[in-house]
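Input: a single structure, listed below in structure tokens.
Protein chains in written order, with this note's numbering: chain A, 292 to 402; chain B, -1 to 113.
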């Protein structure tokens, strides 16, 4: 079965600094990978996806993710964090017809 | 586009009562998913439908849970009887097509509290 792992429960970063939220995957075949963000008391919102092609994927709100096949990773990045980026971030992998989500990483950006 | 619409947003009920959660997917989306979110278990897929047909209900925790999709624009998730351990946020999502293929569009969730 396909799966993703988010090794960090929480990531703290100062505003203006670069941020990275980690995700590793385990799949058979080609991976379809996604990042979603959840703000308090809201549903999940799509940020970006990797299907095929360039290893660097650009998404919403200035986020990007780098697909690394040799390390089986799909880390989410942003060059300069904003306080408003504070939220819960989920990595997900497509398994046949459905998305399997990681456990989530809480990002806290301090002013 | 109105997005995925869920109701109610909040439900407080007593143990043993029947609970019905409702979902209207985005028009034109052919797949609908029900997820449950708790602190302990994270996001769990309960069941999903393709073209109104249930495809995989292996995530439904017990026979107390049932889901239906009578038409392309409406789905329900029912819990009967409800128990305190069913307290969670229940999300409905529909899957995009075309350029947005594979992406899930989530509703705002229904927060259920069973006393």
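We put the CB at the ideal spot given by N, CA and C, even for glycine.
Proximity test, Cβ basis, 8 Å: residue i and chain A
i: residue 50 of chain B; result: no
i: residue 40 of chain B; result: yes
i: residue 47 of chain B; result: no
i: residue 101 of chain B; result: yes
i: residue 9 of chain B; result: no
i: residue 53 of chain B; result: yes
Distance CB(residue i)-CB(residue j) smaller than 8 Å
i: residue 393 of chain A; j: residue 314 of chain A; result: yes
i: residue 85 of chain B; j: residue 112 of chain B; result: yes
i: residue 327 of chain A; j: residue 335 of chain A; result: yes
Bridge partner(s) assigned by DSSP for residue i
i: residue 40 of chain B; result: B:36
i: residue 89 of chain B; result: B:33
i: residue 354 of chain A; result: Paired residues: none, contrary to the question.
i: residue 54 of chain B; result: B:46
i: residue 3 of chain B; result: B:22
i: residue 113 of chain B; result: Per DSSP, none; premise fails for residue 113 of chain B.
i: residue 384 of chain A; result: A:324, A:391
i: residue 8 of chain B; result: B:109
i: residue 399 of chain A; result: A:303
Residue-chain proximity (residue i, chain B), Cβ-Cβ < 8 Å
i: residue 390 of chain A; result: yes
i: residue 333 of chain A; result: yes
i: residue 246 of chain A; result: Only positions 292 to 402 of chain A appear in the structure, and residue 246 of chain A is not among them; the question remains open.
i: residue 395 of chain A; result: yes
i: residue 340 of chain A; result: yes
*If you pair each beta-carbon of the region 65 to 72 of chain B with each one of the region 96 to 103 of chain B, do three or more pairs fall below 8 Å?*
no
*Scan the region 295 to 349 of chain A and note each continuous beta strand (DSSP E) run of 3 residues or more that stays entirely inside, going in chain order.*
301 to 305, 310 to 312, 315 to 317, 324 to 329, 335 to 341, 347 to 349
*May I ask you to verify whether the region 312 to 328 of chain A touches the region -1 to 18 of chain B, counting CB pairs closer than 8 Å and requiring at least 3?*
no
*Between the region 37 to 46 of chain B and the region 15 to 28 of chain B, do at least 3 Cβ pairs fall closer than 8 Å?*
no
_Pairs of beta-carbons, one from the region 301 to 310 of chain A and one from the region 365 to 373 of chain A, closer than 8 Å: are there three or more?_
yes
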